[in-house]
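Trainee: Once you've had a glance at the structure underneath, I'll fire off some questions.
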């Protein structure tokens with residue numbers, strides 16, 4: 001048998017313990033050994049929990065207990081879990097975590113520290129979807145051309161409703177909070193930060209590069225309006241919060257932001273709280289992985305997949321996908337260097353000469369227009385909704401600055417990137 | 001370095017050798033060791049091949065060569081590859097295969113024979129999609145409720161065109177043959193046999209049960225007509241050739257046949273030559289895996305994924321997903337015991353009393369109608385296209401026999417199962 005300690009027995013931790021008991025027969029048959037949830041560590045022993053596992057609030061006792069083989073870290077936070085998992089590894093205990101923030105900031109240090117001790121984290125990205133598995137073991141023949149991930153169920157739930165049912169942002173946020181899909185302070189989700197943590201992990205496995213959240217573009221969904229939704233419908237787009245990774249020769253892009261995605265793309269069909277990640281490899285072509293990105297049982301399924309792996313074979317793959325250094329020759333592009341198509345929403349005075357001014361400014365910045373929709377919005381104003389051909393972020397920002405400087409727009413322009 | 005011998009250097013074998021060279025840098029960095037395509041074994045040395053690997057027609061020399069670490073079996077056929085891979089394993093060479101037929105018939109014997117020698121086969125099911133990886137390593141916490149797989153690109157290409165463009169079966173078959181998507185004798189693909197081989201492999205990993213093609217229902221797409229397509233459109237279905245596995249307590253169903261699938265289901269959105277496999281686990285919920293099911297590079301991607309796995313860790317998971325016996329308590333349902341919804345196409349004389357007769361027969365068999373479309377087709381005949389509520393195969397076959405016996409139908413009834 002292997003004895004498991006679960007640090008943090010909330011929704012996911014309870015599911016881990018409960019599933020190990022409920023599905024014990026088939027899990028044991030697959031693993032070749034019984035995985036026993038032995039002890040759970042919590043802060044508050046008085047809180048009622050729907051789980052049958054012995055509980056303690058003494059984390060050190062658990063770390064010192066030589067009979068514990070594997071630590072499951074479900075604490076939340078960054079620096080305290082970092083200390084805990086390092087202690088566990090120093091004690092030669094294997095670690096399984098769901099902690100994307102921990103990995104966003106400390107994954108390379110942990111890989112170095114862990115050495116030959118198994119350290120796994122399938123549950124940290126896209127919940128129950130075995131995406132780490134797929135990317136790190138399934139696609140190793142490929143240079144990864146791109147990753148497009150819908151990896152935050154809160155945002156995807158909200159955007160799906162906004163697009164399909166015309167619900168306004170503020171209303172759907174409230175509904176999401178009532179349903180438990182969004183926190184009281186939703187910023188971490190709606191601001192794109194949660195998706196960014198997950199993207200960074202995938203970027204490391206795909207390219208062997210380190211990056212922190214501060215290094216990349218992160219934009220959330222808070223500024224999406226019904227005008228943007230209208231444009232999307234008019235031109236057969238969906239709008240998704242995407243974590244995007246791309247490689248072009250030795251240049252890597254990593255970014256998180258809302259994006260127009262053509263409705264016929266597979267990734268556009270991932271709705272509600274579901275997650276989906278499209279990975280294009282230079283040899284395999286387009287692959288996609290779809291499933292529940294959150295939830296106690298779905299996330300616990302990924303945790304237990306790692307436990308079974310460890311039981312079967314100890315350490316398997318290199319933690320972050322590379323046995324040898326690879327990523328040093330690669331450069332992470334700065335935000336300015338992003339090249340994509342852009343949607344711009346410009347509120348203008350509804351009078352002659354405005355369109356000419358807009359076009360001239362865009363032309364001066366080397367930007368050409370692919371699609372446009374002009375809609376009067378009352379008070380002698382109109383929205384110009386337009387999609388550009390491929391441009392650089394630098395040129396788009398220059399054009400936006402010029403719009404504002406020349407006062408040809410009556411409001412700050414909105415910009416949403418378009419993914420082909 | 002690890003030396004690789006490729007037995008059978010056709011489309012996939014050439015891709016394996018070429019990708020190992022072209023993507024050598026990143027593959028080596030991920031594997032920690034160079035994977036060197038050392039020798040290829042072919043029947044015909046005079047044939048021109050677009051590959052830079054030494055070739056021989058002497059397979060025994062390769063099997064006897066102790067410097068060869070891994071055999072890639074891409075021969076095609078069943079019994080000859082079976083002998084070859086057993087010889088390789090006896091010589092302690094790891095084996096990677098793409099041979100679904102070999103595994104359909106000999107997978108448990110090979111698991112027994114291989115013991116601790118790595119034997120991998122990601123490329124045998126759904127081409128480049130790492131589905132073996134996902135099912136065998138990613139979802140081990142779950143009892144697998146169901147698998148629905150689109151695993152034959154030939155059939156999916158044809159059905160997509162028939163549904164989306166109204167192309168007739170004979171015409172699209174010819175087009176598929178011209179494009180190389182179907183063989184001169186297409187039976188193996190359009191008859192569902194190829195998909196069946198793949199389903200059996202997945203069924204073993206999911207449930208620990210052995211089954212041969214002869215044990216399960218296999219129906220192909222050859223009898224699908226434009227009337228069926230019309231019904232599909234009317235009621236918002238797509239039609240797909242599905243490999244289906246289901247578990248209900250200790251009863252397992254395995255079957256391959258065309259099926260109506262609701263258009264809004266994710267699996268219905270897998271079009272053209274692409275493959276897609278939906279796996280529902282009792283804890284994770286619905287997951288789906290999508291990508292190219294065939295093609296030299298895509299299939300080679302899966303072969304190389306296995307090579308990298310072997311390089312990193314030797315044998316990893318138990319070959320068919322179970323370290324201990326599990327499936328013996330499970331029963332494979334017979335075809336009679338299938339329970340699903342059914343579509344029936346009944347050609348009848350267009351006159352009074354016919355509908356009453358049909359309904360009476362169905363009622364006597366315990367079958368109730370959920371949807372119906374009646375369409376005149378000339379010559380005083382009509383097609384009754386109907387969908388039943390959940391019924392058993394036994395009852396449906398009884399009703400069909402009764403239709404024919406009482407001569408209320410003017411042609412043999414057609415039946416297509418409906419997947420919820």
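Chains as they are written, first to last, in the UniProt record's numbering: chain A, 1 to 420; chain B, 1 to 420.
Positions of the beta carbon are idealized from the N, C-alpha and C atoms, including for glycine.
1) Going by CA-CA distance only, name the one from A:382, A:250 and A:129 that's closest to residue 495 of chain A.
2) Any chance the segment 190–205 of chain A sits against the segment 252–270 of chain A, with 3 or more Cβ pairs inside 8 Å?
3) Mind checking who residue 148 of chain B pairs with in its DSSP beta bridge?
4) Anyone know if the C-beta pair for residue 127 of chain B and residue 314 of chain B falls short of 8 Å?
5) Report all residues from its chain with a CB closer than 6 Å to the CB of residue 333 of chain A; omit the five preceding and five following residues, and keep chain order.
6) Nearest-angstrom Cα distance between residue 405 of chain B and residue 367 of chain B?
7) Could you check which residue in A:153, A:297 and A:374 has the C-alpha nearest to that of residue 177 of chain A?
8) Could you check if residue 73 of chain B is buried or exposed, using at least 16 other CB atoms within 10 Å of its CB as the buried criterion?
9) Return no unless some Cβ of chain A is closer than 8 Å to the Cβ of residue 52 of chain B.
10) CB residue 233 of chain A to CB residue 156 of chain A, shorter than 8 Å?
11) I'd like to check one pair, residue 159 of chain A with residue 281 of chain A: are the Cβ atoms closer than 8 Å?
12) Output yes if chain A places a C-beta closer than 8 Å to the C-beta of residue 130 of chain B; else output no.
13) For the candidate residues A:272, A:100 and A:201, whose alpha-carbon lies nearest to that of residue 175 of chain A?
14) To the nearest angstrom, how far is the alpha carbon of residue 264 of chain B from that of residue 130 of chain B?
15) Specify the secondary structure class of residue 238 of chain A as computed by DSSP and reduced to three states.
16) Can you list, in chain order, the residues of its chain with a C-beta nearer than 8 Å to that of residue 145 of chain A? Leave out the 5 residues immediately preceding and following it.
17) Check the Cβ of residue 105 of chain A against every Cβ in chain B and list those closer than 7 Å, keeping chain order.
18) Where does the unbroken alpha helix (DSSP H) through residue 60 of chain B begin, and where does it stop?
19) State the Cα-Cα distance for the pair residue 141 of chain B and residue 112 of chain A, rounded to the nearest angstrom.
20) Tell me whether residue 345 of chain A sits in a helix, a strand or coil according to DSSP, three-state version.
21) For residue 305 of chain B and residue 122 of chain B, what's the separation of their Cα atoms in angstroms?
22) How far does the alpha helix (DSSP H) with residue 43 of chain B in it extend, from its first residue to its last?
23) Residues in its own chain within less than 8 Å of residue 402 of chain A by CB, not counting five upstream and five downstream?
24) So, are the CB atoms of residue 148 of chain A and residue 190 of chain A less than 8 Å apart?
25) Distance, Cα to Cα, residue 171 of chain A vs residue 162 of chain A?
26) For a quick check, are the C-beta atoms of residue 375 of chain B and residue 347 of chain B less than 8 Å apart?
27) Between the segment 8–18 of chain A and the segment 295–305 of chain B, can you find at least three pairs of beta-carbon atoms closer than 8 Å?
28) Cutting at 6 Å between CB atoms, please list the residues of its own chain near residue 439 of chain A, excluding the five before and the five after it.
29) Would you grab the beta carbon distance between residue 343 of chain B and residue 415 of chain B for me? Rounded to a whole angstrom, and I think it's under 8 Å.
30) Of all Cβ atoms in chain A, is any one closer than 8 Å to the Cβ of residue 297 of chain B?
31) Where do the ends of the alpha helix (DSSP H) carrying residue 203 of chain A lie?
32) Which residues in chain B have a C-beta closer than 7 Å to the C-beta of residue 267 of chain A? List them in chain order.
33) Using a Cβ-Cβ cut-off of 6 Å (strictly less than) and excluding sequence neighbours within five positions of residue 268 of chain B, which residues of its own chain qualify?
34) Could you check whether the Cβ of residue 30 of chain B sits closer than 8 Å to any Cβ belonging to chain A?
35) Note down the Cα distance separating residue 411 of chain A from residue 225 of chain A, rounded to an integer number of angstroms.
36) Any idea if residue 25 of chain B is buried or exposed, counting beta-carbon neighbours within 10 angstroms, 16 or more meaning buried?
Mentor: Looking at the coordinates:
1) Residue 495 of chain A lies beyond the range of chain A shown here (1 to 420); nothing can be said about it.
2) yes
3) B:244 and B:278, per the DSSP bridge assignment.
4) Annotated as distal: residue 127 of chain B and residue 314 of chain B, with beta-carbon spacing of 8 Å or more.
5) 251 and 253
6) 18 Å
7) A:153
8) buried
9) no
10) no
11) Between residue 281 of chain A and residue 159 of chain A, the C-beta spacing is not below 8 Å.
12) yes
13) A:272
14) For residue 264 of chain B and residue 130 of chain B, the distance between alpha carbons rounds to 24 Å.
15) In the three-state scheme derived from DSSP, where H, G and I count as helix and E and B as strand, residue 238 of chain A is classed as strand.
16) 246, 247, 280, 281 and 282
17) By Cβ distance, chain B contributes nothing, its closest Cβ being about 24 Å from residue 105 of chain A, past 7 Å.
18) 59–64
19) For the pair residue 141 of chain B and residue 112 of chain A, the Cα-to-Cα distance works out to about 29 Å.
20) strand
21) Cα to Cα, residue 305 of chain B sits roughly 8 Å from residue 122 of chain B.
22) First-last for residue 43 of chain B: undefined, no H or E at that position.
23) 361, 364 and 365
24) no
25) Those two C-alpha atoms are separated by around 9 Å.
26) no
27) no
28) What is shown of chain A runs 1 to 420, which leaves residue 439 of chain A out entirely.
29) 7 Å
30) yes
31) 193–207
32) Per Cβ cutoff of 7 Å: no residues; residue 267 of chain A is ~10 Å from chain B at best.
33) 238 and 261
34) yes
35) 14 Å
36) Exposed.
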